[in-house]
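Trainee: Handing you this structure, nothing more for now.
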Amino acid sequence: GQNIDQPTEMTATEGAIVQINCTYQTSGFNGLFWYQQHAGEAPTFLSYNVLDGLEEKGRFSSFLSRSKGYSYLLLKELQMKDSASYLCAVRGPSGTYKYIFGTGTRLKVLA
Amino acid sequence: EPEVTQTPSHQVTQMGQEVILRCVPISNHLYFYWYRQILGQKVEFLVSFYNNEISEKSEIFDDQFSVERPDGSNFTLKIRSTKLEDSAMYFCASKKDTNTGELFFGEGSRLTVL
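Going down the list, the protein sequences come from chains A and B.
If you're matching positions, the first sequence starts at 1 in our numbering and goes up one per residue.
If you're matching positions, the second sequence starts at 1 in our numbering and goes up one per residue.
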């Protein structure tokens with residue numbers, strides 16, 4: 001089966017650092033993706049991990065541990081515009097094409 | 001920057017009517033997807049399409065749904081007889097090739113079934 005868990009909501013202050021966790025149990029794994037989704041808009045790609053470790057991309061970093069079925073997205077120097085939902089998605093094993101999304105974490109950034 | 005485009009942005013229909021949602025994926029992409037998101041819920045996989053055929057579909061994608069790539073640019077989702085529970089945002093997505101990681105999403109088509 002497929003199960004991807006994320007906290008439902010988080011709140012943080014402008015300028016701070018926030019870590020959004022994602023745990024997954026999927027039948028096969030071929031990469032973990034983080035997307036940002038503002039209300040009423042399409043998901044936009046942020047980050048991708050297929051091997052263990054940290055990937056850094058400006059203010060955003062993502063970490064993966066395949067043995068633990070765990071990832072996190074780290075957002076530094078938070079800005080008001082970072083208020084959005086953050087979606088964790090897992091791509092299935094080679095030979096399948098689908099990406100399964102978690103329920104998303106709604107992040108509120110306060111001034 | 002190339003983007004996935006979807007039409008219509010919003011469609012209101014009566015229960016039992018047929019609906020066609022249209023998508024133009026990014027031109028050199030080879031894999032196409034439809035996802036849906038019911039208000040306040042997660043993004044759910046419906047179907048993937050590659051090499052002019054369905055490669056995978058979910059349990060949601062029953063006989064009421066079909067997809068087509070009628071020409072070299074359009075990718076459509078048809079719902080034959082809409083139900084109230086089909087009300088959702090429908091996202092089209094595409095990706096370049098097997099090794100490319102990310103999906104590129106369109107802005108979505110909001111379907112409201114009355």
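Don't be surprised by glycine CBs; every beta carbon is placed ideally from N, CA and C.
What does DSSP give as the partner residues of glycine 15 of chain A in its beta bridges?
Mentor: Position 15 of the first sequence, counting from 1, holds the residue named residue 15 of chain A. For glycine 15 of chain A, which the question treats as bridged, DSSP gives no partner whatsoever.
Trainee: Could you compute how far the alpha carbon of asparagine 30 of chain A sits from the alpha carbon of glutamate 102 of chain B?
Mentor: Position 30 of the first sequence, counting from 1, holds the residue named residue 30 of chain A. Position 102 of the second sequence, counting from 1, holds the residue named residue 102 of chain B. If you take the alpha carbons of asparagine 30 of chain A and glutamate 102 of chain B, they lie about 12 Å apart.
Trainee: Name the residue from A:Ala111, A:Phe101, A:Lys108, A:Leu110 whose alpha carbon lies nearest to the alpha carbon of threonine 44 of chain A.
Mentor: Position 44 of the first sequence, counting from 1, holds the residue named residue 44 of chain A. It is A:Phe101.
Trainee: Taking DSSP as the reference, what is the three-state secondary structure of methionine 80 of chain A?
Mentor: Numbered from its first residue, the first sequence carries residue 80 of chain A at position 80. If DSSP states are grouped into helix, strand and coil, methionine 80 of chain A belongs with the helices.
Trainee: Using the three-state DSSP reduction, which class does aspartate 62 of chain B fall into: helix, strand or coil?
Mentor: Residue 62 of chain B sits at position 62 when you count from the first residue of the second sequence. DSSP places aspartate 62 of chain B in coil when its eight states are reduced to three.
Trainee: Along the stretch 41 to 64 of chain B, what residues have a CB closer than 8 Å to any CB found in chain A?
Mentor: Taking 8 Å as the Cβ-Cβ cut-off against chain A, the residues of the stretch 41 to 64 of chain B that qualify are Gln41, Lys42, Val43, Glu44, Phe45, Ser48, Tyr50, Ser55, Glu56, Ser58.
Trainee: Would you mind telling me which residues of chain A sit closer than 8 Å to tyrosine 31 of chain B, beta carbon to beta carbon, in chain order?
Mentor: Along the second sequence, read from residue 1 onward, the residue named residue 31 of chain B stands at position 31. Ordered by position in chain A, the residues that pass the 8 Å Cβ test against tyrosine 31 of chain B are Tyr97.
Trainee: Jot down the residue ranges of each uninterrupted beta strand (DSSP E) in the stretch 44 to 100 of chain B, minimum 3 residues, whole runs only, in chain order.
Mentor: Whole beta strand (DSSP E) segments, 3+ residues: 53 to 57, 65 to 68, 75 to 79, 88 to 95.
Trainee: Roughly how many whole angstroms lie between the Cα atoms of arginine 69 of chain B and glutamate 55 of chain A?
Mentor: Along the second sequence, read from residue 1 onward, the residue named residue 69 of chain B stands at position 69. Along the first sequence, read from residue 1 onward, the residue named residue 55 of chain A stands at position 55. Each residue's alpha carbon lies about 36 Å from the other.
Trainee: Expressed to the nearest angstrom, what Euclidean distance is found between the alpha-carbon atoms of threonine 7 of chain B and tyrosine 33 of chain B?
Mentor: Taking the first residue of the second sequence as position 1, residue 7 of chain B is located at position 7. Taking the first residue of the second sequence as position 1, residue 33 of chain B is located at position 33. Between threonine 7 of chain B and tyrosine 33 of chain B, the C-alpha separation is close to 15 Å.
Trainee: Which residues in chain A have a C-beta closer than 8 Å to the C-beta of leucine 77 of chain B? List them in chain order.
Mentor: Within the second sequence, residue 77 of chain B is the residue found at index 77, counting from 1. Chain A residues near leucine 77 of chain B: none, gap ~15 Å exceeds 8 Å.
Trainee: Hey, leucine 77 of chain B and serine 58 of chain B: beta-carbon distance below 8 Å or not?
Mentor: Indexing the second sequence from 1 puts residue 77 of chain B at position 77. Indexing the second sequence from 1 puts residue 58 of chain B at position 58. No; because the gap between Cβ atoms is not below 8 Å, this pair is not in contact.
Trainee: Taking Cβ to Cβ, would you say phenylalanine 91 of chain B is nearer than 8 Å to isoleucine 79 of chain B?
Mentor: As a working note, residue 91 of chain B is residue 91 in the second sequence. As a working note, residue 79 of chain B is residue 79 in the second sequence. The answer is no: Cβ separation not under 8 Å.
Trainee: Does the stretch 13 to 22 of chain B touch the stretch 31 to 38 of chain A, meaning 3 or more C-beta pairs lie closer than 8 Å?
Mentor: Verdict: no, contact absent.
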